[in-house]
Amino acid sequence: MAIRDLVRRKTGSTAPARKSDWFEDRITSLQREMNRLFDGFFRSWELAPFDQFERFALGDFAPRVNVSETEKEVIVSAELPGMDEKDINLELDENTLTIRGEKRSEHEEKGRHWHRVESSYGTFQRTIPLPAGIDTEKAKAQMKKGVLTVTLPKRPEEVAKRRTIEIKAE
Amino acid sequence: MSTVELERRAEATPEPHAQAGTRNTWLPYTDIVGADNEALIVVDMPGVDEKSANVVLERNVLTISGVSSFPAPDGCELVREEFPMGEFKREFEISAEFDTAQIKGQMKDGVLTVVLPKGEAAKPRKINIQTA
Numbered sequence: 239m240a241i242r243d244l245v246r247r248k249t250g251s252t253a254p255a256r257k258s259d260w261f262e263d264r265i266t267s268l269q270r271e272m273n274r275l276f277d278g279f280f281r282s283w284e285l286a287p288f289d290q291f292e293r294f295a296l297g298d299f300a301p302r303v304n305v306s307e308t309e310k311e312v313i314v315s316a317e318l319p320g321m322d323e324k325d326i327n328l329e330l331d332e333n334t335l336t337i338r339g340e341k342r343s344e345h346e347e348k349g350r351h352w353h354r355v356e357s358s359y360g361t362f363q364r365t366i367p368l369p370a371g372i373d374t375e376k377a378k379a380q381m382k383k384g385v386l387t388v389t390l391p392k393r394p395e396e397v398a399k400r401r402t403i404e405i406k407a408e
Numbered sequence: 088m089s090t091v092e093l094e095r096r097a098e099a100t101p102e103p104h105a106q107a108g109t110r111n112t113w114l115p116y117t118d119i120v121g122a123d124n125e126a127l128i129v130v131d132m133p134g135v136d137e138k139s140a141n142v143v144l145e146r147n148v149l150t151i152s153g154v155s156s157f158p159a160p161d162g163c164e165l166v167r168e169e170f171p172m173g174e175f176k177r178e179f180e181i182s183a184e185f186d187t188a189q190i191k192g193q194m195k196d197g198v199l200t201v202v203l204p205k206g207e208a209a210k211p212r213k214i215n216i217q218t219a
């Protein structure tokens with residue numbers, strides 16, 4: 239169980255404000271821990287076929303992503319608040335998009351001390367599986383308000399392959 | 088050392104996805120950094136427009152709230168959604184050592200930084216030793 243889940247970051251009194259808060263916190267962290275154990279168990283046996291978006295533990299953290307799709311393109315958005323585009327590296331091949339980089343804190347000056355750290359810092363990496371037929375040459379990426387958006391157009395022949403099948407009534 | 092801390096209601100480590108218990112708002116990840124003359128509350132809110140974020144100080148309680156939305160482009164189907172959506176809110180009790188009249192907020196690259204300068208009385212100062 240993560241230490242931060244157990245430690246109440248409150249200076250002065252260590253007593254919870256209300257008893258129900260205390261109870262709720264414990265239940266929440268227990269539930270989170272159970273989820274993690276289940277995930278780990280199934281993953282280690284490769285029994286989790288539903289989540290092909292596994293967060294690879296190759297960096298210190300993995301950013302959250304949203305993925306949307308149209309007939310013509312796939313759009314991947316990643317939460318990277320406070321990051322400069324120069325510190326982000328994108329790699330694309332036929333089947334995957336890999337976002338990696340390093341997030342450093344702006345506040346690591348002398349004489350500063352951290353009271354609470356919830357944001358993730360350090361190296362990050364996330365590999366997103368892509369559907370077949372992405373035109374890797376035409377991919378574009380943009381950074382706005384801490385969100386990285388990668389637009390991946392599908393190849394025209396791939397778009398043409400899609401057709402609607404008419405259902406005939408007897 | 089008493090600083091900004093003391094959050095009310097938002098006690099647990101935020102887990103924006105698991106909307107804990109009956110709470111229907113999510114908690115943005117927050118760092119609190121202290122220095123001699125000021126403290127910073129640094130709140131991650133990627134994708135949130137500064138117009139849809141509010142910082143309100145009422146007596147000694149600073150409330151940071153807003154709404155995050157992820158409008159998928161026209162005709163797009165969202166196939167995976169991990170970004171926390173909807174209303175978010177976090178409250179901080181500000182101790183008396185800070186000059187609440189001078190609080191400033193700035194939004195950059197999806198990060199809101201609230202600067203809390205310390206009042207003159209709370210700043211460390213050197214005391215001259217007089218020779219008799």
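These protein sequences, in sequence, are chains A and B. Heads up: the first sequence is residues 239 to 408, going by the working numbering. Heads up: the second sequence is residues 88 to 219, going by the working numbering. Here a beta-carbon is modelled for each residue, glycine too, at the ideal position from N, C-alpha and C.
Leu127 (chain B) - DSSP class collapsed to helix/strand/coil: Counting from one through the second sequence, the residue named residue 127 (chain B) turns up at place 40. Leu127 (chain B) sits in a strand when the DSSP states are folded into three classes.
Which same chain residues end up closer than 7 Å to Leu330 (chain A) when comparing Cβ atoms and leaving out the 5 residues on each side of it in sequence? Here residue 330 (chain A) refers to the residue found at position 92 when the first sequence is read from its first residue. Around Leu330 (chain A), the same chain offers Thr374, Ala377 as residues with beta carbons nearer than 7 Å, after the five sequence neighbours per side are excluded.
Spatially closest choice to Met381 (chain A) from A:Glu307, A:Asp325, A:Met272, A:Lys310, by CA coordinates: For the purposes of this step, residue 381 (chain A) is taken as residue 143 along the first sequence, with counting starting at 1. Per the Cα distances, A:Asp325.
Here's the rule I'm using: 16 or more other beta-carbon atoms within 10 Å means buried, otherwise exposed. How should Ile337 (chain A) be labelled? Here residue 337 (chain A) refers to the residue found at position 99 of the first sequence. Buried is the call here.
Taking all protein chains shown into account, decide if Gly360 (chain A) is buried (16 or more other Cβ within 10 angstroms of its Cβ) or exposed. Translated into positions along the first sequence, residue 360 (chain A) becomes position 122. Counting Cβ neighbours within 10 Å, Gly360 (chain A) comes out exposed, since fewer than 16 surround it.
For a contact defined as C-beta to C-beta under 8 Å, what are the partners of Gly349 (chain A) on chain B? Start at 1 with the first residue of the first sequence, and residue 349 (chain A) comes out as number 111. Within chain B, Ala122, Asp123 have C-beta atoms less than 8 Å from the C-beta of Gly349 (chain A), given in sequence order.
Suppose the cutoff is 6 Å on Cβ atoms and the five residues either side in sequence are ignored; what does the same chain contact list for Asp298 (chain A) look like? For the purposes of this step, residue 298 (chain A) is identified with residue 60 of the first sequence, where counting begins at 1. When the five nearest sequence neighbours on each side are left out, the beta carbons in the same chain lying within less than 6 Å of the beta carbon of Asp298 (chain A) are those of Gly360, Thr361, in order along the chain.
Could you name each continuous beta strand (DSSP E) segment of 3 residues or more that falls completely within the segment 318 to 349 of chain A, going from the start of the chain to the end? For the segment 318 to 349 of chain A, the continuous beta strand (DSSP E) assignments of 3+ residues that do not extend past its boundaries occur at 326 to 330, 334 to 341, in sequence order.
C-beta neighbour in chain B for Thr402 (chain A), strict 8 Å: Position 164 of the first sequence holds residue 402 (chain A). Answer no: the Cβ-Cβ gap between Thr402 (chain A) and chain B never drops below 8 Å.
Whose C-beta lies closer than 7 Å to the C-beta of Pro227 (chain B) among residues of the same chain, with five residues either side of it excluded? With chain B represented from 88 up to 219, any question about residue 227 (chain B) goes unanswered, as that position is not in the structure.
Give me the residue from B:Phe185, B:Val129, B:Ala126 with the minimum Cα distance to Ala208 (chain B). As a first step, residue 208 (chain B) must be located in the second sequence, where it is residue number 121. It is B:Phe185 whose Cα lies nearest to the Cα of Ala208 (chain B).
Which residue marks the beginning of the beta strand (DSSP E) containing Pro391 (chain A), and which one marks its end? Here residue 391 (chain A) corresponds to residue number 153 of the first sequence, with the count starting at 1. Unbroken beta strand (DSSP E) run through Pro391 (chain A): 385 to 391.
Please return the same chain residues whose Cβ sits closer than 8 Å to the Cβ of Arg302 (chain A), not counting the five positions on each side in sequence. As a first step, residue 302 (chain A) is located in the first sequence; it is residue number 64 there, counting from the start. Within the same chain, Arg302 (chain A) has close Cβ partners Ala316, Glu317.
Take Phe288 (chain A) and list the residues in its own chain whose beta-carbon comes closer than 7 Å to its own, dropping the five residues that flank it on each side. The residue you call residue 288 (chain A) lines up with position 50 of the first sequence. The pLDDT assigned to Phe288 (chain A) is 41, lower than 50, so where the model puts this residue is not dependable; a value taken from the coordinates is nonetheless given after this. Excluding positions up to five away in sequence, the list is empty.
Can you check DSSP and say which residues form a bridge with Gly192 (chain B)? Here residue 192 (chain B) refers to the residue found at position 105 when the second sequence is read from its first residue. Paired residues: B:Val201.
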